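Residue numbers for the sequence shown follow full-length UniProt numbering, beginning at 1 and rising by one.
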Amino acid sequence: MAVATLLDSQLSLVFNMGVDENGKDIYKRKNYNNVKTSATPDQLLQAAQAIASLQSETLTFVERNDTNQIDA
Numbered sequence: 001m002a003v004a005t006l007l008d009s010q011l012s013l014v015f016n017m018g019v020d021e022n023g024k025d026i027y028k029r030k031n032y033n034n035v036k037t038s039a040t041p042d043q044l045l046q047a048a049q050a051i052a053s054l055q056s057e058t059l060t061f062v063e064r065n066d067t068n069q070i071d072a
């Protein structure tokens, strides 16, 4: 049976920068590495909202990207 081991987490904040000439939304992503792998979704959302409050752009959504090692 395979086992997944969580190695690293990254927090991504996606901001809406407006629309282009074709009317499509323009997004800007800011990534933060070395996030505690034990951090809960609520803790990450709190951190993201605190960071977003320092920005002039509108926070659209928050992502957590985990890196796992899979062993047999």
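Ideal placement from N, C-alpha and C gives every residue a C-beta, glycine not left out.
None of the values given here were measured: they were computed from a predicted structure.
Pair within 8 Å by beta-carbon distance, LEU7 and ARG64: By one-based count along the sequence shown, residue 7 stands at place 7. By one-based count along the sequence shown, residue 64 stands at place 64. A distance of 8 Å or more separates the beta carbons of LEU7 and ARG64.
Just to confirm, is the Cβ distance from LEU13 to ALA52 under 8 Å? Sequence index remark: in the sequence shown, residue 13 carries index 13 (1-based). Sequence index remark: in the sequence shown, residue 52 carries index 52 (1-based). Going by C-beta atoms, LEU13 is nearer than 8 Å to ALA52.
Does DSSP classify ALA4 as helix, strand or coil? Along the sequence shown, read from residue 1 onward, the residue named residue 4 stands at position 4. ALA4: strand per DSSP, three-state reduction.
Run the CB neighbour count on ALA48, radius 10 Å, all protein chains shown included, and call it buried at 16 or more, exposed below. Here residue 48 corresponds to residue number 48 of the sequence shown, with the count starting at 1. Its Cβ being crowded by 16 or more others within 10 Å, ALA48 is buried.
Out of PHE61, LYS28 and SER56, which one is the CA nearest neighbour of LEU44? If you number the sequence shown from 1, residue 44 lands on position 44. Out of PHE61, LYS28 and SER56, the CA that lies nearest to the CA of LEU44 is found in PHE61.
Near GLN69, which residues of its chain fall below 8 Å by C-beta distance, leaving aside the five closest residues on each side in sequence? In the sequence shown, residue 69 corresponds to position 69, counting from 1. These residues qualify, in order along the chain: ALA4, THR5 and LEU7.
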